[in-house]
Each structure stands twice: as structure tokens, then as C-alpha cells.
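Chemist: Can you keep this structure in mind? I'll have questions shortly.
Chains as they are written, first to last, in UniProt numbering: chain Y, 1 to 141; chain V, 1 to 213; chain R, 1 to 690.
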């Protein structure tokens with residue numbers, strides 16, 4: 001059998017999984033897409049194992065391991081998703097934005113990015129490193 | 001890939017007509033199309049439960065492909081674990097997170113065009129590279145079954161036994177971790193008496209973690 | 001004890017006194033008075049001893065005392081600690097020592113309750129030490145050290161009452177204006193030493209005598225700038241009248257008798273350097289003439305008694321400069337000595353007057369009766385001093401001024417410039433010095449100085465008479481009682497009255513100490529000088545008699561300080577109150593002022609010092625301020641724009657980068673994978689050799 005067939009199929013499956021991971025909103029669907037990507041890798045492993053006729057059967061062994069690890073991963077991943085859902089009431093990935101920068105209306109210098117008064121915002125956040133700089137700039141201007 | 005080896009590979013593959021596929025290849029191609037279609041539907045459908053079902057189709061198709069590649073043990077494991085357990089797990093997950101039944105208009109996030117572009121670009125690149133690299137490579141599927149259960153078992157327990165055992169520990173750890181993560185705690189559930197002192201002590205960390213998040 | 005040791009002790013003792021005084025002033029203020037008085041007294045005694053041993057009337061043939069030690073090599077031109085004591089140095093040191101002792105004694109009473117007396121006395125001691133160093137030093141660099149220490153001491157002492165804005169402004173002005181002259185002075189010293197290869201005065205004089213000076217005019221003009229700054233000659237004289245904001249003893253010591261004479265003394269010491277350049281002599285003569293006449297006019301218009309004396313000091317320094325411009329340093333130093341004595345007396349007397357009257361305003365004292373009876377010591381000694389100032393025989397000022405006028409007449413009437421040089425002068429020195437300036441130029445210089453001197457003598461007579469009449473012949477209510485003046489102050493006045501009265505007798509002997517010039521008065525200049533002074537005084541007396549009726553018609557508020565204050569505080573209060581009451585620090589709107597009547601429309605300009613301060617303000621202060629504003633504008637608007645721009649740019653970049661941080665994991669991952677794909681494509685293309 002031509003090696004291109006499984007290889008191309010594997011590549012396409014992998015990219016489908018990539019699309020799913022990037023585009024899906026629900027965390028469980030993202031996990032499904034991850035499974036697709038893992039399976040694409042598995043297909044490659046099996047196909048190349050058959051082609052190379054490896055005496056150790058490394059490809060097939062690795063495939064088995066990947067399947068096992070995928071099972072573990074899906075278990076842990078689902079547990080995390082459940083916990084997040086319980087804590088936040090949602091499992092939408094794009095609503096989990098705790099790592100984002102603060103909202104733009106806290107921008108401290110009032111150079112057009114915000115309509116709020118910067119002098120009012122700066123003292124409210126003494127830990128903001130831009131705070132003293134902003135007051136200095138005001139004093140200089 | 002230099003020209004000399006390229007030409008030699010082409011000559012060695014002259015016995016297989018590139019444009020005259022064998023029966024196995026045709027079956028592989030057809031099943032592959034089905035698999036790919038199911039996968040695409042998995043990542044595009046707006047009904048979440050349907051996505052899990054299409055995933056079953058895709059994974060089953062892959063099991064057939066494994067069979068065609070003479071890896072029968074892998075194929076059965078695929079059916080057992082993926083189709084049998086992982087998809088069931090996913091369905092349970094969908095249910096537990098109160099995923100909507102029926103079409104949900106917001107199944108895709110806002111970054112969908114970017115995701116599509118990245119995926120298409122990656123696919124084009126990969127397909128181009130793979131076809132360019134392996135267009136004169138054939139898998140010899142004749143001879144003794146390469147992936148029979150016996151052969152696989154021998155390889156696994158002769159050469160791969162240590163990773164295998166380590167993997168078992170990993171699975172156990174994942175099992176325990178999944179339980180610890182997903183169980184409801186006494187304070188949240190309001191069931192005080194059955195929570196022992198040990199679990200109470202162990203349950204403190206996630207709570208503080210939640211509070212921090 | 002050798003003469004050299006004595007001479008070293010002279011500047012060293014006041015320095016030690018100053019150091020100890022500064023160190024112990026806060027912890028042990030009881031020792032401040034002995035620490036101020038004793039070292040100065042010892043130094044004065046040492047100076048007298050040095051003068052007797054060195055000069056001793058042995059004639060011009062006595063070689064000057066030269067001693068030098070080199071502490072450490074100091075580069076290409078060596079700097080030595082060296083002494084160069086000739087007749088000039090010995091006598092000027094005696095003057096400095098005596099005046100310093102008088103001033104220290106006077107200060108013990110004048111500032112007896114001043115909290116800052118220890119530091120004040122230490123600074124006066126330090127000043128005395130620096131001045132004696134300048135006088136004795138045989139090395140120009142060491143001389144410069146003393147010169148600058150004097151400047152900084154002057155700054156501190158003028159600003160002694162730094163609580164008053166006048167004193168603060170005056171101290172800064174004195175410092176800046178003298179420094180303005182000191183910078184060219186320093187460059188001139190370097191140029192001189194560069195040509196001579198040494199800072200030692202004898203070596204430099206040898207070089208000049210040998211014609212080794214490459215740019216004599218340039219060097220002499222640069223040095224003259226420093227001299228004009230220190231000796232308050234036109235156009236750098238404006239700091240001296242304002243420096244009267246300091247305590248009166250300081251004015252007597254620093255701004256009348258010694259420091260301002262340092263410039264004259266310096267020129268006298270290096271006279272061959274100046275006579276080598278006609279241009280320098282012309283500049284010196286013109287500056288002296290302008291200074292003499294202008295300052296005498298200004299003195300006639302001042303209302304503050306100390307400012308009158310300050311302008312008179314400028315004028316007398318002009319006489320000395322004039323004599324130097326004629327190459328006659330004997331006359332210049334003679335006048336320096338006698339002027340130092342009688343001007344110190346006048347200033348110290350003025351301090352008593354200010355204390356007794358409670359005001360420094362002549363307009364106020366002219367409406368105050370009985371002042372002469374209240375302070376008889378000051379009255380009699382100041383009368384002596386004023387007579388000496390007006391050059392009335394037989395007082396000291398007459399003889400010294402006559403020697404200047406005589407030298408001028410000698411030069412004007414075709415007598416060649418007298419040969420000059422050090423005491424050990426060779427004929428070649430005199431030939432070079434005299435050969436640098438022709439007889440025509442010499443006569444022109446002589447006429448300039450003579451005419452200016454006579455006009456100034458006329459005006460001097462007038463303003464001396466005005467000061468005497470307004471201060472002691474006032475009519476009106478008697479002055480408020482301040483009790484008896486302290487003994488130390490009166491004793492000092494009598495002490496200084498002795499040389500004021502008798503110093504002139506030395507005119508027959510001093511020639512031997514100097515270059516051997518004739519210092520005795522000549523008949524025609526004596527008659528002329530005395531005549532114009534008497535005419536001036538008489539004219540003023542007439543004006544005063546005519547103005548007397550207006551005295552009652554225009555009462556002026558007397559600026560009277562509290563009667564029980566110590567003298568220094570009275571003076572500080574008076575200086576501070578003067579511009580408040582009269583609207584001007586120098587002038588008073590008094591129509592009964594005889595000076596106003598004599599000067600007519602010129603009075604307004606003379607009172608303001610001929611508006612030189614306004615001119616300088618326009619030329620330099622405004623320009624500097626405009627420049628500062630420009631620099632400020634450039635800094636704020638141009639340089640800071642880049643700084644702010646850098647900050648704003650970084651902030652905008654940060655804002656842009658911050659937009660990317662949405663918290664959406666999927667967008668992060670998209671970017672990551674897109675980058676990976678791009679990298680992979682690039683790697684594949686590179687591997688394929690495209």
C-alpha cells in the first residue's frame with residue numbers, strides 16, 4: 001500500500017483536530033479535537049511501523065501507550081472541566097480569561113485609550129507601577 | 001532528497017502502479033474519506049452530542065484503517081478504549097456540564113477564521129511535505145501479519161515491559177487525580193457527617209484554589 | 001628669631017587664631033575674644049619687627065628678603081612657598097596688622113552680644129591672615145590663594161546680617177563682581193608665569209626686565225581686570241557701595257583699608273609688567289580718572305553715611321591707580337598707607353555715629369541736634385579723618401595726596417616717567433620701563449591724572465564738608481540717648497587718630513623704604529590741591545547755609561533704632577529700614593541737602609551711581625536671565641519632548657501589546673500554531689533549496 005495514503009490521512013486528521021482545538025468553544029469539544037489529533041499521530045505510528053517493519057514494534061507499542069495516556073488525559077481533562085464548570089458555571093474556554101490584562105479603562109495615562117480620569121485611577125492602585133510615573137508626567141507637564 | 005536516491009526509489013517502486021491502486025488501497029481510501037468526513041463533522045457540528053457521535057464514527061473508521069494496516073490488536077484496543085470508554089466519558093462530561101441538547105449557535109468561538117486559516121495552512125504544508133517525501137514509498141503488507149495480537153504481545157512484554165509497567169502507575173495516578181479533582185466536597189455538597197477528618201484536610205487545598213481563581 | 005621666621009609667623013598666627021576660633025566658637029565662646037585679639041596683635045607686633053629689621057631706614061639699597069621652600073613638585077611651573085619682603089611689603093603688612101588689631105578690638109564692643117561673634121571674629125582673622133599672605137608672598141600662586149580667600153571672607157562678612165535681603169544681595173554681588181575680574185586675573189597670571197617659567201615674583205621681574213614677556217599688553221590688561229575687581233575701580237566698582245551692608249568694622253577693615261588696597265598693592269609689586277605696556281597704563285589712567293571724578297560726584301549725593309565713605313574709598317583708590325599709571329608706586333603705596341589709616345578711622349567713627357544716632361541717614365542726622373556733644377570722641381577723630389581725607393595740611397592725607405599730585409605734575413610737565421623697579425633695580429630695568437612709554441604719552445597720562453585729581457580734590461573737599469556738617473552740625477531735636485559709647489570703640493578711634501594726624505611726617509623718611517622717590521610735598525601742587533579742597537568745602541558750606549531754612553520746613557522721619565540695642569544691631573536695623581522709609585538705599589528726598597543744591601540736576605544720577613547698576617542689570621542680568629529662560633524652554637519643550645516621547649511611545653507599544661493579552665487561550669494557541677506553520681514552511685523551503 002502506498003505510504004502516502006495513511007500519511008496524508010493522518011495529516012488531514014491532525015489539522016482537523018487543530019481546527020477543532022482552536023475554533024471550538026466548549027471545553028469538552030476541545031478535548032474531542034485533542035483526541036482526533038492523538039489518533040492522527042497513532043495512525044502515523046502504525047503506518048510507519050508497518051512500513052519499516054521494526055523488529056521492536058516500536059510504533060505499535062507507542063500507539064498503545066498513546067492510547068493509554070490519552071485515556072488518562074481525557075480522565076484528568078474531564079475532571080478539570082467539571083471542576084471549572086462547577087466553580088464558574090461555564091465550560092466555555094473563551095470565557096475563562098483570568099490571565100488577561102486588566103480592562104482598558106484602567107489605562108493610567110489618559111492618552112485616549114480611556115475616558116476615565118487618570119488621576120482618579122492612579123491612587124486607587126498603588127501597586128500599579130505606572131502610577132508614580134503617570135503622576136510624574138503630570139507634574140512635569 | 002537527492003536525485004539519485006529519488007530515482008532508485010522510483011525504480012524499486014515500479015512494480016506498484018501509482019495510478020493503479022490495489023483493492024486494499026481502495027478500501028483504505030474509502031474508509032479514510034469516511035473517517036475524515038466524520039472528523040470534520042465532529043469539529044464543525046453545532047450539536048454537541050452529535051459531535052461525540054461523529055467522533056465515534058471517526059475513531060471507528062480509524063480502527064478499520066488499523067486493520068487494513070495489519071495492526072489488528074491496535075484496532076481492537078482502539079475500539080475498546082476509544083469508542084468504548086473515552087467517548088462514553090466525553091458524553092458523561094457533556095451531560096455533567098449541562099451541555100445544551102440540540103443546536104447551539106455559539107458552539108464556535110470568535111477566533112474561528114483564524115483557526116481555519118491556521119488549520120488549512122498547516123494541512124497544506126503537511127500534505128505537501130508528506131506527498132513530496134513519500135510519493136515513491138510503499139508499505140509491504142504481504143507476509144506474516146505484522147500486528148497480530150501474538151506478535152504485539154511478544155514485543156510488548158519482551159521489549160517494552162518497563163514502560164508498560166510505568167504506564168500502569170501513570171494510569172493509576174490519573175485515576176486517583178481524576179477522582180480527587182471531580183468529587184464534590186462536604187462543604188459544597190452540604191453533606192457534613194460522612195466527610196472524615198482526613199478527606200477534610202485533603203479537601204482544603206482545592207477550595208482555596210477555587211477561592212483564588 | 002630670624003627675620004624670616006618672624007615674617008612666616010605674621011600670616012600664620014591669624015590663621016591659627018581663625019582655625020581655633022572656628023573650631024571652638026560653638027563649644028567655648030568665652031575664648032572667642034582672646035582668640036580673635038591675641039593672634040592678630042602678635043602678628044601686628046611681628047610685622048612691626050619685620051619692618052624694623054628689614055627696612056629700618058637703611059635706604060633703597062637694602063636687598064629685599066627672599067626666602068622660598070618647595071613643598072612638592074607641582075608640574076611644569078613650580079609653585080613655591082616663598083616670601084618676598086621689601087619696604088612696600090613690610091609697611092603694608094604693618095598697616096594691615098594695625099588696622100586688623102583696631103578692628104578686632106572695636107568689634108569686641110560693636111558686636112558684643114552677637115550670637116555669631118565667634119565665627120565673625122574667626123573670619124576676620126582668616127581675612128587678616130590671607131591679606132598678610134598676599135602682602136608677603138613672593139609666589140604669585142600663593143598670592144592668588146590669599147587673594148581668593150580674601151574674596152570669600154569678604155563674601156561671608158558682607159553677608160553677616162544675612163537675615164536682611166540687602167546683605168544677601170550685596171554679598172552675592174560682591175562675590176560675583178570680584179570673581180568677574182578674578183577669572184581674567186588668573187589667566188593673566190598663567191600667561192605671565194608661562195613667559196617667565198616661574199611664579200616667583202623676582203624671577204618674573206627679571207624676565208620683564210630682560211624683555212622676555214611676549215604679550216605684555218595682553219598680560220597687563222588681564223591682570224588689570226582682576227585689580228579693577230578687587231580694588232573697585234571703574235567699571236567693576238559697583239560692588240563696593242553695596243558691600244556697606246556688612247558690619248561697620250568689616251567695612252573699615254576689608255572695604256576701606258586693606259582688601260580693596262590689595263589690587264593697588266599687586267600692581268605696585270609687579271609695576272614693571274604694567275609699565276612694559278603703554279596700553280595698560282593708558283587704561284589704568286583712564287579708569288583711575290573716571291573712577292576719581294565719578295565716585296566723588298556719587299559720594300556727594302549719597303544719603304547713607306557709609307555709602308559716602310564707600311564712594312570716597314573708590315575715589316582714593318583711583319588716586320592710587322593714577323599714581324601707578326604714572327609709574328610712581330612710591331606715591332601710590334604712600335597714599336595706600338595713609339588712606340588705610342584715616343579711612344579705617346572714618347568708618348569706625350561712622351559706626352559710632354550710626355549707633356549714637358540710630359540711623360545711617362545723613363538726612364536724618366542733619367535734623368538731629370547735639371550729636372557732636374554726645375559722642376565727642378567720634379566727633380573729634382572723624383573731624384581729623386575728614387580733614388585728612390580732604391587733604392588739608394598737615395594731616396596724613398595731605399602728604400600722600402600731594403605725592404600723587406606731585407608725580408602727576410612731574411609727568412605732565414615733561415618730567416620723564418620716574419624710573420621704577422624693585423629696590424635692587426638695575427639701570428637697565430628703569431630704561432626698559434621708561435623706554436616703553438614715550439614722553440608725549442607720559443605727559444598725556446600726567447595731565448589726565450593731574451586734572452582728574454584736582455577735580456576730585458575739589459569734590460572731595462565738598463563731600464567731606466557735607467559729611468561733617470550733616471552728621472555733626474544737625475539742627476533739631478537732640479538724638480535719643482544711647483548711653484556712653486564702649487571704651488573699646490573710643491580707644492580704637494584715638495589709636496587710629498594718631499597715624500591720621502601724624503603719618504604725613506613720614507613723607508621725609510619713607511622714600512628710603514621704597515624706590516627712593518621724593519614724597520615730600522611740592523609748593524605749587526600743595527597750594528593747588530589744598531586750594532581746590534578749601535574751595536569745594538567753602539562752596540558746600542555756602543550751600544548748607546542757604547539750605548538751612550528748608551531744614552525745618554521739610555521734616556523727615558528719622559530712622560531710629562531702639563536705643564538699647566548693641567551697635568551692630570542698630571546698624572543692621574538702620575540699613576534695613578533705609579529703603580523702606582526713603583524708597584532707595586542710597587538716596588533720601590531731602591531738599592535741604594547741600595549736595596543736592598550743588599549738584600543740581602546731576603544729583604539724581606549721582607545718587608544712583610550714574611545708573612551703572614541698571615546698565616549692568618540690563619546688559620548682563622537680563623541677558624543671562626533671558627538665556628536661562630531660553631535654556632529652560634529648550635529643556636522643557638524640546639529635550640523633554642524626546643524624553644516624554646520615549647515614554648509615550650513605550651506606553652503606546654505597551655498598550656498595543658496589552659491588547660493582545662486577551663486571556664483567550666485559543667487565540668494564544670492560534671498565534672503559536674500559526675508561527676509554527678510559518679517556521680515549518682520556512683524550514684521546508686530552506687531544505688528544498690528554493
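Note that beta-carbon positions come from the ideal geometry of N, C-alpha and C, so glycine has one too.
Keep in mind the model is a prediction, meaning the values are calculated, not measured.
Quick one: residues in its chain with C-beta nearer than 7 Å to the C-beta of residue 450 of chain R, no 5 flanking neighbours on either side, listed in chain order?
Modeler: Same-chain partners within the cutoff: 405, 408, 409 and 412.
Chemist: Is the segment 80-90 of chain R in contact with the segment 146-158 of chain R, if contact means three or more CB pairs nearer than 8 Å?
Modeler: Touching, no.
Chemist: Helix or strand or just coil, what does DSSP make of residue 47 of chain V?
Modeler: If DSSP states are grouped into helix, strand and coil, residue 47 of chain V belongs with the strands.
Chemist: Out of R/390, R/171, R/246 and R/475, state which residue places its alpha-carbon closest to the alpha-carbon of residue 300 of chain R.
Modeler: Comparing Cα-Cα distances from residue 300 of chain R to each of R/390, R/171, R/246 and R/475, the minimum goes to R/390.
Chemist: With DSSP collapsed to three states, give me the class of residue 114 of chain V.
Modeler: Here residue 114 of chain V sits in helix by DSSP.
Chemist: Please report the straight-line C-alpha distance between residue 189 of chain R and residue 140 of chain R, rounded to a whole angstrom.
Modeler: Their Cα atoms are separated by approximately 7 Å.
Chemist: Cβ atoms of residue 68 of chain V and residue 32 of chain Y: under 9 Å apart, would you say?
Modeler: No, the pair does not count as a contact, with Cβ atoms beyond the cut-off.
Chemist: Taking beta-carbon pairs under 7 Å, can you tell me which members of the segment 123-134 of chain V lie near chain R?
Modeler: Per Cβ criterion, the list reads 125 and 129.
Chemist: Beta strand (DSSP E) containing residue 85 of chain R: first to last residue?
Modeler: Where residue 85 of chain R is concerned, the enclosing beta strand (DSSP E) stretches over 81-85.
Chemist: Pop quiz: residue 265 of chain R and residue 336 of chain R are said to be a contact at Cβ under 8 Å. What is the actual Cβ separation, rounded to whole angstroms?
Modeler: With a Cβ gap of about 7 Å, residue 265 of chain R and residue 336 of chain R count as contacting.
Chemist: Tell me the DSSP secondary structure of residue 512 of chain R in three-state form.
Modeler: Three-state DSSP puts residue 512 of chain R in a helix.
Chemist: At a CB distance below 7 Å, what residues from the segment 671-687 of chain R approach chain V? Give them in sequence order.
Modeler: Within the segment 671-687 of chain R, the residues whose Cβ lies closer than 7 Å to some Cβ of chain V are 673, 674, 677, 680, 681 and 684, listed in chain order.
Chemist: How many Å lie between residue 319 of chain R and residue 115 of chain R at the Cα?
Modeler: Each residue's Cα considered, the two are about 39 Å apart.
Chemist: Closer than 9 Å, CB to CB, is residue 179 of chain V near chain Y or not?
Modeler: Residue 179 of chain V counts as touching chain Y.
Chemist: So residue 64 of chain Y is in the alpha helix (DSSP H); what residue range does that whole segment cover?
Modeler: Where residue 64 of chain Y is concerned, the enclosing alpha helix (DSSP H) stretches over 58-88.
Chemist: Taking 9 Å as the CB-CB cut-off, is residue 117 of chain V touching chain R?
Modeler: Yes, residue 117 of chain V lies at the interface with chain R (some Cβ there is under 9 Å from its Cβ).
Chemist: Assuming residue 330 of chain R is part of the beta strand (DSSP E), what are its boundary residues?
Modeler: First-last for residue 330 of chain R: 329-357, but that is the alpha helix (DSSP H), not the beta strand (DSSP E).
Chemist: Which residue wins for smallest C-alpha separation from residue 40 of chain Y, given the options Y/13, Y/87 and Y/85?
Modeler: Of the listed residues, the one whose Cα sits closest to residue 40 of chain Y is Y/13.
Chemist: Whose Cβ in chain V lies nearer than 8 Å to the Cβ of residue 154 of chain Y?
Modeler: Given a span of 1 to 141 for chain Y in the structure shown, any question on residue 154 of chain Y remains unanswerable.
Chemist: Go ahead and pull the three-state DSSP assignment for residue 212 of chain R.
Modeler: Reduced to three states, the DSSP call for residue 212 of chain R is coil.
Chemist: Among V/72, V/87 and V/48, which has the Cα closest to the Cα of residue 246 of chain V?
Modeler: With chain V running from 1 to 213 in the structure shown, residue 246 of chain V is simply not present.
Chemist: Compute the Euclidean distance between the alpha carbons of residue 149 of chain V and residue 60 of chain Y, then round it to the nearest angstrom.
Modeler: Roughly 11 Å between the two C-alpha positions.
Chemist: List the residues of chain V that residue 4 of chain Y touches, going by C-beta distances under 8 Å, in chain order.
Modeler: Correct list: 130, 131, 134, 135 and 137.
Chemist: For residue 94 of chain Y, which residues of its own chain have a beta-carbon under 8 Å away from its beta-carbon, when the five flanking residues on both sides are left out?
Modeler: Excluding residues within five positions, the ones whose Cβ falls inside 8 Å are 25.
Chemist: Measure from the C-beta of residue 661 of chain R to each C-beta in chain V and report whether the shortest distance is under 9 Å.
Modeler: No - not a single Cβ of chain V is within 9 Å of the one on residue 661 of chain R.
Chemist: Using 10 angstroms around the beta-carbon of residue 131 of chain V, count the other beta-carbons present and answer buried if the total reaches 16, otherwise exposed.
Modeler: When all chains shown are included, residue 131 of chain V counts as exposed.
Chemist: For residue 18 of chain R and residue 30 of chain R, what's the separation of their Cα atoms in angstroms?
Modeler: Computed Cα separation, rounded: 15 Å.
Chemist: Can you tell which of V/91, V/115, V/48 and V/26 has its C-alpha closest to the C-alpha of residue 65 of chain V?
Modeler: Nearest option by C-alpha distance: V/26.
Chemist: If you draw a straight line from the C-alpha of residue 81 of chain V to the C-alpha of residue 22 of chain Y, how long is it?
Modeler: The straight-line gap from Cα to Cα measures roughly 25 Å.
Chemist: Run through the DSSP bridge pairs and tell me what residue 139 of chain R is partnered with.
Modeler: DSSP, once it has assigned bridges, lists R/200 as partnering residue 139 of chain R.
Chemist: For residue 619 of chain R, which of helix, strand or coil comes out of DSSP?
Modeler: Residue state, collapsed to three classes: helix.
Chemist: Among Y/47, Y/30, Y/29 and Y/65, which has the Cα closest to the Cα of residue 137 of chain V?
Modeler: Among Y/47, Y/30, Y/29 and Y/65, the Cα nearest to that of residue 137 of chain V belongs to Y/47.
Chemist: With DSSP run on the structure shown, which of helix, strand or coil describes residue 147 of chain V?
Modeler: Coil at residue 147 of chain V, not helix or strand.
Chemist: Do you know whose CA, among R/143, R/235 and R/544, lies nearest residue 284 of chain R's CA?
Modeler: Measuring from the Cα of residue 284 of chain R, the nearest candidate turns out to be R/235.
Chemist: Closer than 7 Å, Cβ to Cβ, to anything on chain R: give me those residues from the segment 77-110 of chain V, in chain order.
Modeler: Listed in sequence order: 109.
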